[in-house]
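Chemist: Start counting the sequence shown at 0; every next residue gets the next number (numbering that gives the first Met the number 0).
Structure below; questions to follow.
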Amino acid sequence: MKLVKKAPIKLSLLSLLLILLVTPSCGGEKDSSTTTTSVPAAPTGLTASASTTSIALSWTAVDGATSYTLYYGTTTGVTVDNGSSISALTSTSYQHENLTTGKTYYYIVTASNDAGESTPSSELSIATTPSGVSTFTVSPGNAKNTLSWPAVDGASSYTLYHSTSSGVTTANGTKIDNIAITSYSHTGLTNNTTYYYLLTASGSGGNSTVSKEVSGTPRKVQRMFLYAADQTAAKIRPYAINMDSGALTVGTDVSTQASPYNLGVDPSGKFLYSSASPLRVYTIDQTTGAPTVSGSDSNTITFTNTAILPNGSFAYTSNSSVMTRYAVNASTGTFSSASTVASGFSALSKVLVDSTGSYLFALDTATPSVVRPYSINTSGGISAGATINVGNSSGDMALSPNDSFLYVSNGSSSSISQLSISNGVLSTIGSAVATGGSGPSAVTVDGSGLFLYEISANTLYVHTINQTTGALGAATATGAVSKAPGTGYLISEPTGRFIFLLNSTGTTLTSYSINSTTGVLTAISTLSVAGSNTGNLILVSIPWS
């Protein structure tokens with residue numbers, strides 16, 4: 000059979016195009032509306048600020064991020080695996096609350112979207128600030144204030160701000176910074192001036208809030224006590240003096256061996272002496288002021304007045320016509336080795352020693368009355384200087400704190416003699432100054448040396464003292480005397496803020512505050528003194544150890 004050869008199929012160009020148009024694509028149709036989502040970039044710009052218990056964090060927004068996660072810890076090297084997390088944050092800031100004061104925290108942050116979580120940011124560390132000082136105390140001393148406070152968590156140092164006016168701030172106060180411990184001794188201060196303080200704590204997180212304001216007033220003495228002699232009951236009554244207010248608190252009476260007419264005290268504040276027959280020595284408790292019997296009684300020693308050298312080595316006693324010197328035992332306070340060092344007095348009523356222990360002044364209330372000055376040598380011996388006439392004295396005299404002036408009350412002429420002192424030599428300062436009333440019975444100079452006070456005609460009066468010449472101003476009635484003082488004892492204390500009046504007629508003891516500008520007195524407290532016949536009044540200052 001013969002095969003027939005077929006002709007090849009030929010397609011026109013138009014047919015080919017039609018075939019291509021109607022034939023489906025091998026890959027199908029593509030959805031042009033679908034896009035690919037990628038993981039966000041790591042956040043940048045992580046910053047923070049701290050307070051005592053919170054940290055405010057913020058960072059730069061990341062494109063494509065729908066949320067953020069904070070990871071934190073209290074040691075460096077925080078990761079998404081070991082850090083505590085705060086997730087689903089939709090803003091670029093976060094306030095981390097309820098944190099520990101003064102502690103360092105470490106942070107990283109990540110960004111997230113549907114595609115996943117980014118790599119973390121760089122780590123940031125920040126500490127919460129220290130808390131403010133809760134308890135802040137001031138202990139006054141001699142020309143200093145000692146400040147102390149409890150340690151503050153997270154504090155590496157402390158800063159003090161101080162002023163002599165209340166209302167001190169970090170802006171107006173004088174700054175003492177970089178204090179590494181929890182106490183500070185502020186030295187070189189002016190006694191009897193009040194200083195005000197604030198305190199802040201500093202740590203790696205910054206500075207704390209400021210403390211409450213506290214204040215302290217440095218003083219020359221640590222404690223003060225008064226002792227009144229009760230002749231009727233044969234007792235000594237002690238009083239504690241509040242160093243801030245001047246108020247008095249009565250202590251427990253101490254019995255004496257006989258009616259005590261006069262009391263004496265050594266400058267160190269260790270011993271109190273009761274002049275009766277015999278003399279009795281008491282040791283003074285340096286904290287409470289309570290006197291207890293010390294040493295042995297001496298049946299041979301009586302005196303109406305005594306003065307002891309500032310170093311406590313010798314005592315000088317007055318007893319009518321003679322002055323006697325005694326050696327003082329530093330351990331027991333007992334008197335020994337009696338020696339008459341001056342005699343021939345008509346009525347030796349008072350002896351005073353200056354603050355250096357170089358000079359002694361003796362008041363003889365003869366007619367006319369005289370003051371006899373003496374120089375004191377290293378072995379306690381005395382050499383008389385030229386006497387000076389002071390009219391007819393009622394028997395009291397007062398020495399200024401700077402040892403430059405001496406004032407003597409003149410009972411018969413109702414005046415006060417004014418004397419200047421130069422190397423133990425006495426000179427009259429003009430004429431005697433009239434007192435506020437008749438018969439001044441007691442005088443004292445306040446601890447600042449600015450004012451002289453007198454009891455005259457049942458009233459308290461004040462005189463200003465010229466600080467250059469020592470001349471007294473005219474008498475001005477001051478204060479409110481609760482009872483007419485009649486005769487009594489007037490005593491000042493060394494800080495210059497208070498004086499005390501023992502009313503031997505009304506048997507009361509009153510403390511007064513002194514206006515530092517005018518000298519006017521304001522009564523603080525009045526307490527009774529047991530017995531109807533009181534002896535003198537003695538003040539004991541306990542120095543800073």
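Each residue gets a CB set at the ideal place from its N, CA and C atoms; glycine is no exception.
Small disclaimer: the values here were computed from a predicted structure and weren't measured.
(1) Apply the 10 Å Cβ neighbour rule to Q417 and answer buried if 16 or more other Cβ atoms are within range, or exposed otherwise.
(2) Beta carbon of S455, beta carbon of G438: below 8 Å?
(3) Whole angstroms are fine: how far does the CA of A60 sit from the CA of A87?
(4) G423 to N376, Cα distance in whole Å?
(5) Considering just the uninterrupted stretch of the beta strand (DSSP E) at N177, what are its terminal residues?
(6) Could you tell me how far apart the beta carbons of D363 and A346 are, in whole angstroms, since I believe they sit closer than 8 Å?
(7) Could you pull out every residue in the same chain whose Cβ sits closer than 8 Å to the Cβ of S124, ignoring the five residues on either side in sequence?
(8) Tell me Q417's beta-bridge partners as DSSP assigns them.
(9) Of all Cβ atoms in chain C, is any one closer than 8 Å to the Cβ of A41?
(10) Since F135 is in the beta strand (DSSP E), which residue starts that stretch and which ends it?
(11) Nearest to S440 by CA position, among S412, W148, S66, is which residue?
(12) Candidates A306, T467, S319, F497: which alpha carbon is nearest Y325's?
(13) Shortest alpha-carbon distance to A110 belongs to which of W58, F344, T434?
(14) Could you tell me if I180 is buried or exposed, where buried requires 16 or more neighbouring beta carbons within 10 angstroms of its beta carbon?
(15) Tell me whether R222 sits in a helix, a strand or coil according to DSSP, three-state version.
(16) Assuming I240 is part of the beta strand (DSSP E), what are its boundary residues?
(17) Classify P119 as helix, strand or coil using the three-state DSSP reduction.
(18) Would you mind stating whether L387 and F334 have Cβ atoms separated by less than 8 Å?
(19) Can you name the start and end residues of the beta strand (DSSP E) that F270 belongs to?
(20) Contact between the region 455-473 and the region 167-187 is defined here as three or more beta-carbon pairs at a separation below 8 Å; is this criterion met?
(21) Exposed or buried, Q94, counting other C-beta atoms within 10 Å across all chains shown (16 or more means buried)?
(22) On the criterion of 16 or more Cβ atoms from any shown chain inside 10 Å, does E96 qualify as buried, or is it exposed?
(23) Just to confirm, are Y160 and K174 a CB contact at a threshold of 8 Å?
(24) Cβ atoms of L459 and I415: under 8 Å apart, would you say?
(25) Is R496 helix, strand or coil by DSSP?
(26) Across which residues does DSSP place T463 in a beta bridge pair?
(27) With T525 and T509 assumed to form a contact (beta carbons below 8 Å), what rounded beta-carbon distance in angstroms separates them?
(28) For L163, tell me which candidate among T216, F313, G153, N391 has the shortest Cα-Cα distance.
(29) Taking T468 as the reference, give the member of T475, G448, G478, A476 with the closest Cα.
(30) Check whether the Cβ atoms of G487 and L520 lie closer than 8 Å to each other.
(31) Compute the Euclidean distance between the alpha carbons of S338 and S378, then round it to the nearest angstrom.
(32) Is DSSP giving D229 helix, strand or coil here?
(33) Sorted by chain position, which residues of the same chain lie with C-beta nearer than 8 Å to C25's C-beta, five sequence neighbours on each side aside?
(34) Straight-line CA distance for T158 to T73?
(35) With a 10 Å radius around its C-beta and 16 neighbouring C-beta atoms as the bar for buried, classify V79 as buried or exposed.
Modeler: According to the structure data:
(1) buried
(2) yes
(3) 14 Å
(4) 13 Å
(5) 173-178
(6) 6 Å
(7) T75, T103, Y104, Y105, Y106
(8) Y406
(9) Reference to chain C is not applicable here, since this structure consists of a single protein chain.
(10) Premise fails: F135 is in no beta strand (DSSP E) and is neither H nor E.
(11) S412
(12) A306
(13) W58
(14) exposed
(15) strand
(16) 234-240
(17) coil
(18) For the sequence presented, residue 387 should be read as Ile rather than Leu. For I387 and F334, no; Cβs fall outside 8 Å.
(19) 270-274
(20) no
(21) exposed
(22) exposed
(23) yes
(24) no
(25) coil
(26) F450
(27) 4 Å
(28) With the sequence shown as reference, residue 163 is identified as Thr, and Leu is not the correct amino acid for it. When only C-alpha atoms are compared, the closest one is T216.
(29) G448
(30) no
(31) 12 Å
(32) strand
(33) Note that C25 scores 43 on pLDDT, short of 50, meaning its location in the model is unreliable and no value can be drawn from it.
(34) 27 Å
(35) exposed
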